[in-house]
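Presented below is the structure to which this report refers.
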Amino acid sequence: MQTDILVIGSGIAGLTYALKIAQECPDKKVTILTKTQSDETNTKYAQGGIAGVMDTEQDSFFKHIEDTLIAGDGLCNEKIVEIVVKEGVDRINELIKWGAMFDKEPDGDYKLGKEGGHSEFRILHHKDITGKEMERALLEAIKNAKNIELISHCFVIDIITQHHLGFLVTKSTPDIECYGVYVLNLNNNKIEKIIANVTLLATGGNGQVYRTTTNPAIATGDGVAMVYRAKGRIENMEFIQFHPTALYEAGVRGQSFLITEAVRGDGGILRNANGEAFMGKYDERKDLAPRDIVARAIDNEMKVNGTEFVYLDCRHMDQAKFLEHFPNIHEKCLSAGVDVSKDMIPVSPAAHYSCGGVKTDEWARTSIHGLYAAGECASTGLHGANRLASNSLLEAMVFAHRAFKHSLDHLKQPRENVHDRIPDWNADGTTAPTEMILITQSLKELKLAMSDYVGIVRNNERLKRANRRLDLLHEETENLYERTEVSPQLCQVRNMITVAYLIVKSAELRKESRGLHYNTDYLERSAILQNTIL
Ligand code: FAD
Ligand code: SIN
């Protein structure tokens, strides 16, 4: 199959880019691939909202920039922060034009929420299901674009580069080029090659490498793993953000339900097992300190008190307002036996967001020619060592737009026609899988190692142990991959092992505690600020 523009991922980054480029280039064919249903994305689960300076009387670009830089703990790229904050407002307005609805006050002004690390109320939201509303509006708009084809249940396995033409490609090869991808089309169970003039990677996050995460099952870091295999640049993978407040439900593993930080923005208070409001002991901003601080404080309280959760107390809040702003949370808590007007909500931290990823420049270009990246899979320099709440949807839209702008130039460049030389997928020597247990057990072991050794608090011994476990899992899985017909399950576990390795390796390289990376062997900060590039 051949297409002009290939988009991998149907979350906010992929859909925004596809819509823009399809509109600007009506004669070009845009193909979006997504590995499960089209709306099953991290985007769909976003709750709190999207940060933007909409009220210029009280708020300002300067304040939003400052808040982002403070959260990022010295590692943000200031130019990128300025770009995102300033251009973000136009992107939000475009989203509104595409039909996304945000909550309004009776006078017609947008209702603005507040979350940890924000000095002002600046978060637009649609009740507590903002992401679902955005995804809905974008998918509706896509339906009306005649030159976009969205193919669901198409699992991208690898990016095609010169390596597939028989050339040796290493990290130091100049001008590695992306020609397209190999995909496992689950609609016909065939492995196909899709050749494209330009490709956008928008594959989202990797929360699934941990046992407890707010991310859905699709968040397995495929894009990062593919780029790493293709010898592209990856950076800052040690900065995994743990959301402080996922609903604690005994025995529930995999995706945990999020209790948005906006609940604390509206007055929710964290309490430990003794009922003590503990955040004042850790930070003067108390419950609205940046996420790394709150998650570490909760982790410490759970360890000190020997509990698996702390509480979020909302009993004192105006219950009518709570129901209006957080109907989904209210309903979910009730179904778990928690009446927020009478009971405190049991919560614990869960892996939530990957601040690092595929290294990109200000135009969303990766180190691989013809391959752009936007959204959670990219590392743009916005988040530094810790992401400010509600900045990721904004970042995804700003860089989807910038990738779109730059792709227009890319499409004008002449390209060598290598299509006929790209081989079909080679499945020689592989047989149908006989034992799924080999994959599911590896996955369990991986999640356990990452949660126990590479979580909120790390040290050198734990990282070393994680590395040893990963070595073994890598060896066994590569062996399985060589001799087994590929399946999404096998590819995902392979990708997750790669992503876990990148997290551990980057964590080992960072000989300091900074932002989300907290290593008790290096409590001091280094004077030299640097990214960990792999
Ligand atoms: P996603 O929306 O995750 O989309 C990824 C896409 O890639 C999917 O379509 C998937 O199928 C596809 N894909 C992946 N791998 C493959 C493959 N191998 N082959 C084919 N397709 C593939 N951020 C905020 O700013 N504000 C919030 O309020 C907020 N709340 C959040 C709440 C939750 C519970 C979670 C999990 C995240 C939240 N975030 C929030 C973060 C934010 O939602 C994500 O960072 C953002 O939505 C990521 O968008 P994306 O387009 O990069 O990826
Ligand atoms: C939340 O609603 O608490 C999540 C916001 C985010 O991840 O940015």
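Numbering (our numbering), first residue to last: 37 to 570. Glycine included, every Cβ here is placed at the ideal spot set by N, Cα and C. All values derive from a computational prediction rather than experimental measurement.
Assignment of beta strand (DSSP E) within the stretch 333 to 363, counting only whole runs of 3 or more residues, yields 346 to 349 in chain order.
Non-local beta-carbon contacts of glutamate 213 in its own chain, meaning distances under 8 angstroms to residues more than five positions away in sequence, involve Thr197, Gln198, Ile404, His405, Gly406 in chain order. Relative to the ligand FAD, the beta carbon of isoleucine 132 is positioned no closer than 6 angstroms to any heavy atom. When Cβ pairs closer than 8 angstroms are counted between the two stretches, the stretch 119 to 128 is seen to touch the stretch 423 to 442, the count reaching three or more. With a cut-off of 6 angstroms, the C-beta of glutamate 171 is classified as distant from the ligand SIN, since no heavy atom of the ligand falls inside that distance. Boundaries for asparagine 242: no beta strand (DSSP E) harbours it, and the DSSP string shows neither H nor E there. For valine 117, the CB contacts under 7 angstroms within the same chain, skipping 5 residues up- and downstream, are Ile101, Thr104, Leu105, Leu418 in chain order. Excluding sequence positions up to five before and after threonine 206, its CB lies within less than 8 angstroms of the CB of Lys267, all in the same chain and listed in chain order. In this structure, the straight-line span from the alpha carbon of leucine 526 to that of valine 89 is close to 43 angstroms. Glutamate 544 is positioned such that its CB atom lies no closer than 7 angstroms to that of leucine 509. Short of 6 angstroms from the beta carbon of glycine 373, and not among the five residues preceding or following it, lies no beta carbon of its own chain.
Your pair phenylalanine 362 and valine 299 checks out as a contact, with CB atoms roughly 6 angstroms apart and the cut at 8 angstroms.
Using a cutoff of 6 angstroms, the CB of glycine 124 does not count as near the ligand SIN, since none of the ligand's heavy atoms is closer than that. Closest in alpha carbon position to lysine 322, among Met338, Ile305, Val493, is Ile305. When the beta-carbon positions are compared, serine 96 and isoleucine 68 stay at least 7 angstroms from each other.
The Cβ-Cβ distance between isoleucine 86 and serine 426 falls below 7 angstroms.
In this structure, the straight-line span from the alpha carbon of threonine 77 to that of isoleucine 539 is close to 22 angstroms. Of Tyr408, Ile41, Glu141, Met532, the smallest CA-CA separation from aspartate 63 is found for Ile41.
For alanine 58, the enclosing alpha helix (DSSP H) begins and ends at 48 to 60.
Under the rule that a run must span 4 or more residues, the alpha helix (DSSP H) segments found entirely inside the stretch 121 to 194 read 166 to 179. DSSP places serine 542 outside any beta strand (DSSP E); the residue lies instead in the alpha helix (DSSP H), whose first and last residues are 524 to 545. For tyrosine 517, the enclosing alpha helix (DSSP H) covers residues 496 to 519. At a cut-off of 6 angstroms, the beta-carbon of alanine 238 counts as near the ligand FAD: some heavy atom of the ligand is closer than that. Residue pairing by DSSP places histidine 279 opposite Ala386 in a beta bridge. In the displayed model, arginine 457 falls within a helix according to three-state DSSP.
In terms of side-chain proximity, the C-beta atom of alanine 425 is found nearer than 6 angstroms to a non-hydrogen atom of the ligand SIN. Across the structure, methionine 532 and valine 217 are spaced so that their CA atoms are roughly 19 angstroms apart. Inside the stretch 65 to 115, DSSP marks whole alpha helix (DSSP H) runs of 4 or more residues at positions 78 to 81, 97 to 107, from first to last along the chain. Note that the C-beta distance between proline 326 and glutamine 291 is not below 7 angstroms. By a beta-carbon distance limit of 8 angstroms, valine 490 does not contact threonine 513. Their separation comes to about 18 angstroms.
Straight-line spacing of the CA atoms in asparagine 341 and asparagine 308 works out to 8 angstroms.
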